[in-house]
Amino acid sequence: MPTLTVTVGDRDRLDRETRNRIEAAQEGAELDDTQPVLNVDSYAELSRLLSPKNLELLETIAAESPPSISAAAAAVERDYKQVHRNLTELADAGVVEFDDSESGQGRRPVLAYDGLEVDIPFDHTDGRVDTATP
14 MPTLTVTVGD RDRLDRETRN RIEAAQEGAE LDDTQPVLNV DSYAELSRLL SPKNLELLET
74 IAAESPPSIS AAAAAVERDY KQVHRNLTEL ADAGVVEFDD SESGQGRRPV LAYDGLEVDI
134 PFDHTDGRVD TATP
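See below:
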């Protein structure tokens with residue numbers, strides 16, 4: 014599994030890089046595998062995504078491979094509804110996936126990546142990113 018790079022408010026740069034890769038591929042250039050990128054719009058969104066409770070969930074999933082959301086909630090000693098909400102948010106962001114293949118076990122949370130790498134290019138910030146710190 015690759016590492017997911019998380020960036021903040023730098024959509025224009027990512028769009029340019031994507032267009033450049035598409036053009037290079039159309040011209041027949043051999044491209045290496047790119048690292049997946051998740052762009053969030055603000056520091057507040059980054060802070061919410063990488064909250065201590067979400068990071069604890071991710072570490073628990075990596076270490077214990079809980080067979081269900083209920084088991085993940087028990088492992089972190091939190092309420093099922095809160096853990097379900099956090100895991101759903103992480104799944105919507107593409108950080109976690111759910112494996113439903115084992116019948117009767119419920120939805121098993123699975124990490125989609127080996128890790129997360131945060132990239133905050135301060136010199137490219139164009140003022141659209143809010144000022145809350147992560």
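Just so we're aligned, residue 14 is where the sequence shown starts under my numbering, counting upward by one.
In this text, a Cβ means the ideal position worked out from N, Cα and C, and glycines have one as well.
C-alpha distance - residue i paired with residue j, whole-angstrom precision
{"i": "Tyr126", "j": "Thr20", "result": "16 Å"}
{"i": "Val131", "j": "Thr18", "result": "6 Å"}
{"i": "Arg32", "j": "Val53", "result": "19 Å"}
{"i": "Arg98", "j": "Gly107", "result": "14 Å"}
{"i": "Asp105", "j": "Pro49", "result": "15 Å"}
{"i": "Gly22", "j": "Glu43", "result": "29 Å"}
Neighbourhood of residue i by C-beta, 7 Å cutoff - its chain only, sequence neighbours within 5 removed
{"i": "Phe135", "result": "none"}
{"i": "Ser81", "result": "Gln118, Gly119, Arg120, Arg121"}
Contact under 8 Å by Cβ, residue i with residue j
{"i": "Val96", "j": "Leu71", "result": "no"}
{"i": "Leu100", "j": "Ala85", "result": "yes"}
{"i": "Leu124", "j": "Ile74", "result": "yes"}
Item to complete: Please specify which runs of the beta strand (DSSP E), each continuous and at least 3 residues long, are wholly inside the stretch 76 to 128, giving them in chain order.
Response: 109 to 112, 121 to 124
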